[in-house]
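Here the structure comes first, spelled out in structure tokens, and everything after it is commentary.
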Amino acid sequence: MFSEIFLFFTNLFVKFCKVIESSFSAFSPDFVKRTVISVLEKNGIGINGDKPSDIKVKDERFYKRVFAYGALGLGEAYMDGWWECDKLDEFGSRVFASSLFRYSLSFKLYHFLSFKLLNLQTKFKATEVTEKHYNIGNDLFQAFLDPTLNYSCGYWRNASDLNQAQIDKMDLIARKLKLEPGMRVLDIGCGWGSLCKYLAEKYKVSVVGCNISTEQIKFAREHCKDLDVEIREIDYRDLNDKFDRIVSVGMFEHVGEKNYSAYFQVANRCLTDDGIFLLHTIGVNHPDQPLVDPWADKYIFPNGVLPYYRNITKYTEGLFIIEDWHNFGYDYSLTLLAWYENFEKAWPTLRAKYGDDFYRMWKYYLLMASSGFRSRRFNLWQIVFSKHGLQGGYRSER
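If you're matching positions, the sequence shown starts at 1365 in the working numbering and goes up one per residue.
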């Protein structure tokens, strides 16, 4: 009841802020246009220029929308076809470094009140991103991911293609976990079961994968058939078994700060005293960097939150010791570009089902996300934990 009342007044106040934002229309169109062009040019982006990162404005309303709504307006204007760019990833790399990539007053307020005071990643709310993103169709993901269906950053240290990068990522995880045959492994947020299958097949371990996406669970169970793998439809908060090793890849971004304590407590209670826990997650650089992008929050990952490193050290204090912290964020830029190339090749077979509006949204998502990692605004962390410090020390793997 309290949360419903709180959200009512929050939304009411956000509407008030939007009225304030709409007052931007009081500025003359020339002033708005000059301001947006000036910001773009300061970051090496021209209007109707010849450079690959220059943009071609198709609708003059573009300037007002970006002026008023910043990052959200920029993305929505692209989805509506108001501007084009030959190299969206190069454009994005420049935008991420500019003041153009700012957040509207209403979004900042909504983010502060909602994410800081409310829990938007409860068991019930967790299904929202599942339905909006992960259950949209396995055919889409099969079209642009690698054959192993890894929907997380690949490891490109020695790889020359996406498939090898994902295999190398899974092997890197296995080496960091120091697996031995017969060990019991938990995969929190197992996706389509790719890592479960790889670990069970190559390292002869027993794997339990947990997930709440019905589409992914159905696929993972078939994918791991006849292996020592169990795929459970269960929220991570309900896990109680004991495991020698725990791994969680690309799931922590959906946990939210209100649940960080519960998440790490679950990992602690499910891990044996001499076990190893590996967390693979996107992270941000600075505490004042917004942890939520308004466009991605609205269209791609509802209620997703990226952690800052202090979030991790704060909520693992007293539960875990950090044995190793590996940052290879630039590799995610390469992974996303490879996904985009696959998506483009497969689009003729997907178009009838998903439509042109979806194409522009998905293209913007993949290429702008790649830009975020390319500009180093975002990181990719693999963090290795133990409960008490491993006897004999931990030898890092790369």
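Ideal Cβ positions, reconstructed from N, Cα and C, are used throughout, including at glycine. Because the structure is a prediction, the values reported are computed rather than measured.
Length of the line joining the Cα atoms of residue i and residue j
i: phenylalanine 1471; j: glycine 1756; result: Residue placement at phenylalanine 1471 cannot be trusted, given a pLDDT of 47 that sits under 50; what the coordinates show is reported in the next sentence. Using only the alpha carbons, I get a separation of about 49 Å.
i: alanine 1523; j: alanine 1529; result: 5 Å
i: glutamate 1594; j: arginine 1585; result: 8 Å
i: tyrosine 1427; j: methionine 1443; result: 15 Å
i: glycine 1546; j: lysine 1568; result: 6 Å
i: asparagine 1575; j: isoleucine 1581; result: 7 Å
i: glutamate 1454; j: leucine 1701; result: 11 Å
i: alanine 1710; j: lysine 1606; result: 42 Å
i: aspartate 1720; j: lysine 1727; result: 11 Å
i: threonine 1677; j: leucine 1683; result: 10 Å
i: glutamate 1705; j: leucine 1635; result: 39 Å
i: leucine 1730; j: glycine 1555; result: 19 Å
i: glycine 1410; j: asparagine 1649; result: 28 Å
i: glutamate 1565; j: serine 1516; result: 20 Å
i: threonine 1494; j: threonine 1578; result: 9 Å
i: glutamate 1621; j: cysteine 1588; result: 32 Å
i: phenylalanine 1749; j: glutamate 1687; result: 5 Å
i: leucine 1452; j: tyrosine 1673; result: 29 Å
i: asparagine 1514; j: lysine 1420; result: 35 Å
i: arginine 1724; j: lysine 1561; result: 33 Å
i: phenylalanine 1583; j: aspartate 1590; result: 14 Å
i: phenylalanine 1505; j: phenylalanine 1722; result: 14 Å
i: isoleucine 1531; j: alanine 1507; result: 18 Å
i: glutamate 1405; j: asparagine 1527; result: 38 Å
i: arginine 1715; j: asparagine 1499; result: 18 Å
i: serine 1392; j: glycine 1557; result: 55 Å
i: glutamate 1544; j: glycine 1434; result: 50 Å
i: arginine 1633; j: methionine 1732; result: 38 Å
Given residue i as reference, the closest of the options once Cα atoms are compared
i: glycine 1639; options: Met1534, Lys1540, Val1403 and Ile1419; result: Lys1540
i: tryptophan 1745; options: Gln1629, Ile1685 and Tyr1519; result: Tyr1519
i: tryptophan 1703; options: Val1619, Phe1692 and Pro1511; result: Pro1511
i: glutamate 1424; options: Val1400, Gly1413 and Leu1436; result: Val1400
i: glycine 1614; options: Asp1592, Pro1671 and Asp1525; result: Pro1671
i: glutamine 1629; options: Gly1647, Asn1604, Glu1617 and Asp1608; result: Asn1604
i: lysine 1533; options: Leu1559, Ile1664 and Met1725; result: Leu1559
i: asparagine 1675; options: Glu1687, Ile1664, Asp1414 and Gly1647; result: Gly1647
i: glycine 1693; options: Arg1521, Glu1687, Gly1439 and Glu1544; result: Arg1521
i: leucine 1550; options: Phe1391, Val1403, Asp1590 and Ala1631; result: Ala1631
i: aspartate 1418; options: Asp1450, Asn1499, Gly1557 and Val1669; result: Asp1450
i: leucine 1754; options: Tyr1723, Phe1391, Arg1724 and Asp1608; result: Asp1608
i: valine 1430; options: Arg1398, Ile1598 and Asn1412; result: Arg1398
Residue i and residue j closer than 8 Å at C-beta
i: valine 1572; j: arginine 1596; result: yes
i: serine 1612; j: isoleucine 1552; result: yes
i: leucine 1563; j: alanine 1538; result: yes
i: aspartate 1637; j: lysine 1751; result: yes
i: leucine 1436; j: proline 1658; result: yes
i: tyrosine 1679; j: tyrosine 1758; result: no
i: threonine 1645; j: glutamate 1617; result: yes
i: phenylalanine 1641; j: isoleucine 1610; result: yes
Residue i, buried or exposed, once every other Cβ within 10 Å from all chains shown has been counted against 16
i: phenylalanine 1395; result: exposed
i: serine 1760; result: exposed
i: threonine 1713; result: exposed
i: threonine 1699; result: buried
i: aspartate 1695; result: buried
i: lysine 1662; result: exposed
i: asparagine 1743; result: buried
i: aspartate 1525; result: exposed
i: glycine 1413; result: exposed
Cβ shell of residue i (< 6 Å), same chain only, five flanking positions each side left out
i: isoleucine 1747; result: Leu1643 and Trp1689
i: glutamate 1708; result: none
i: serine 1697; result: Ser1734, Phe1737 and Arg1738
i: arginine 1741; result: Phe1460
i: aspartate 1592; result: Ala1564 and Ser1570
i: arginine 1548; result: Ser1570, Phe1607 and Asp1608
i: isoleucine 1598; result: Cys1574
i: phenylalanine 1370; result: Annotation note: pLDDT 44 at phenylalanine 1370 (below 50); position unreliable, no value reported.
Cβ of residue i within 8 Å of any chain D Cβ
i: cysteine 1449; result: You won't find chain D in this structure, because it holds only one protein chain.
Proximal residues to residue i (C-beta, below 7 Å), its chain only, five neighbours per side dropped
i: alanine 1461; result: Asn1407 and Ser1739
i: lysine 1422; result: Gly1445, Trp1446, Trp1447 and Glu1448
i: histidine 1497; result: Ile1664 and Phe1665
i: glycine 1439; result: Trp1659 and Tyr1728
i: proline 1416; result: Asp1450, Lys1451 and Glu1454
Beta-carbon proximity list for residue i, same chain, < 8 Å, skipping 5 on both sides
i: lysine 1717; result: Gly1501 and Asp1503
i: glycine 1668; result: Val1493, Glu1617, His1618, Val1656, Ala1660 and Asp1661
i: arginine 1763; result: No information on residue 1763 is available, as it lies outside the stretch 1365 to 1762 that the chain covers here.
i: alanine 1441; result: Asp1423, Arg1425, Phe1426, Arg1429, Val1430 and Trp1447
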